[in-house]
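J.:
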Ligand code: HAM
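Numbering (the numbering used here), first residue to last: 324 to 797.
1) If you run the structure through DSSP and keep just helix, strand and coil, what is residue 459?
2) What residues match up with residue 425 in a beta bridge as DSSP calls it?
3) Roughly how many angstroms lie between the CA atoms of residue 471 and residue 360, to the nearest whole one?
4) Between the Cα of residue 704 and those of 716, 692, 721 and 680, spot the shortest distance and give me the residue it belongs to.
5) Measuring CB to CB, does residue 630 end up less than 9 angstroms from residue 516?
6) Is there at least one non-hydrogen atom of the ligand HAM closer than 8 angstroms to the beta-carbon of residue 517?
7) Compute the distance between the beta-carbons of residue 459 and residue 431, then report whether it is under 9 angstroms.
8) Note down the Cα distance separating residue 335 from residue 325, rounded to an integer number of angstroms.
9) Please give me, in chain order, every unbroken run of the alpha helix (DSSP H) with length at least 4 that falls completely inside the stretch 628-670.
10) Residue 662: buried (16+ other C-beta within 10 angstroms of its C-beta) or exposed?
11) Return helix, strand or coil for residue 452, following the three-state DSSP convention.
12) Counting only runs of 4+ residues fully inside the stretch 718-779, write out the alpha helix (DSSP H) ranges in chain order.
13) According to DSSP, simplified to helix, strand and coil, what is residue 543?
14) Residue 544: buried (16+ other C-beta within 10 angstroms of its C-beta) or exposed?
15) Can you tell me which of the three DSSP states residue 584 falls into?
16) For the stretch 341-348 against the stretch 435-455, do three or more pairs of beta-carbon atoms, one drawn from each stretch, fall closer than 8 angstroms, so that the two count as touching?
17) State the DSSP-derived secondary structure class of residue 364, mapped to helix, strand or coil.
18) In three-state DSSP terms, what is residue 513?
19) Is the Cβ-Cβ distance between residue 476 and residue 675 less than 9 angstroms?
In structure tokens form, the structure reads like this:
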């Protein structure tokens with residue numbers, strides 16, 4: 324290899340890359356495992372994902388949110404500015420591109436959407452309600468509900484002041500879970516406010532800005548660590564001199580079950596009135612499972628007001644499902660006019676777990692309606708019939724293999740399609756076809772027109788059964 328300045332002069336590729344590639348050139352057995360913390364999505368797994376996405380999309384569009392998207396790679400600084408130390412320095416996949424730029428695979432969408440709003444602030448009609456269903460990566464320790472590659476729905480409203488915006492976003496989270504079949508006893512919504520947290524840290528606990536940041540992070544992981552570890556780390560943050568009084572104050576805060584239980588110095592603030600207004604709005608929307616929780620922090624730095632999180636109440640999955648909040652400062656960071664912004668991001672992995680532990684996963688069939696079994700020399704005619712059915716909106720997979728009938732049938736069963744249709748020379752001549760419902764085993768002889776109505780009716784029935792299933796469970 325002729326190597327100059329790290330590059331092979333003949334092909335122009337980096338020399339170390341060529342050495343690396345040559346190591347694997349003759350490898351016979353490559354692993355079938357996907358990269359750590361990621362999953363392969365086979366058609367059967369995609370069914371549940373698509374079901375959840377369909378509910379996400381219908382709730383978002385039902386509230387007047389419009390779809391948008393942003394790049395998968397972003398300059399690292401858009402996260403460094405306000406997303407917080409942990410996300411940027413520990414969890415972000417970073418790479419240097421061929422032009423020596425530091426880029427990140429997006430770990431979240433909030434900075435990107437804030438940039439998009441700032442870039443077109445003069446043209447956009449506000450309030451702007453936008454949603455996205457997208458793929459993200461974070462370098463986290465893979466565990467139940469946490470993966471390195473994951474999906475989120477992001478819903479954000481820009482340019483709408485006051486508690487109405489928060490109430491709408493929270494109502495959307497509530498609607499997503501109930502449309503997926505949940506009832507209010509299966510989850511709770513915890514609410515706090517960053518401004519209350521700031522008052523609490525500065526005035527009540529007497530912490531400076533650096534100590535306050537550390538204490539916020541400690542509160543954020545309170546439920547994930549042992550009480551002794553929480554205590555030891557809190558003492559470290561206070562310092563020996565003020566630790567005893569500090570711990571007493573924390574104990575008092577943790578005992579507060581409602582806003583009325585808060586110490587007077589905190590209770591008498593604008594931020595508390597803001598939270599009260601939000602609870603009034605939620606009550607008007609008929610949401611009864613929201614509670615105030617002084618320990619709820621949310622890890623991201625950009626939140627400026629309300630923060631909230633949806634929690635699973637099932638004993639086997641007692642954890643945060645998803646969250647969000649108000650982040651009024653982010654659009655301004657991109658040179659835009661400072662602007663009101665509220666949003667949230669349900670994740671796919673946590674939603675799947677929620678549905679599983681509450682037994683809310685419906686039986687999901689293939690998206691193919693008919694598997695067409697071709698008998699004898701009928702391929703040409705069968706191809707034409709399949710085309711005609713597709714033009715009527717029926718989803719048809721045509722068996723082109725010329726295999727024996729039982730082999731074709733076996734494939735149809737394995738694919739979990741709803742119907743098998745038999746097409747041979749006799750069927751083509753008489754224009755009457757055998758349609759077999761694979762679930763009931765019922766076989767009927769029908770004209771092509773009747774095949775279309777039978778199959779489309781069946782598909783609609785399945786869709787409404789999914790909806791009924793959701794209602795029954797709720
Ligand atoms: P976040 O709390 O970092 O907020 O993530 C929101 C949700 O995404 C989590 O509650 C979880 O369901 C899912 N999620 C996050 N990381 C992972 C992971 N490693 N594996 C599986 N699921 C994950 C945000 O991302 C904010 N940008 C949300 C937001 C939107 N705030 C305002 N607008």
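Every residue gets a Cβ at the ideal spot worked out from N, C-alpha and C, and that includes glycine. The model shown is predicted, which means the values in this text are computed figures rather than measured ones.
T.: If we stick to the structure as given:
1) strand
2) 419
3) 5 angstroms
4) 721
5) yes
6) no
7) yes
8) 10 angstroms
9) 653-656
10) buried
11) strand
12) 728-737 and 748-753
13) helix
14) exposed
15) helix
16) no
17) coil
18) strand
19) no
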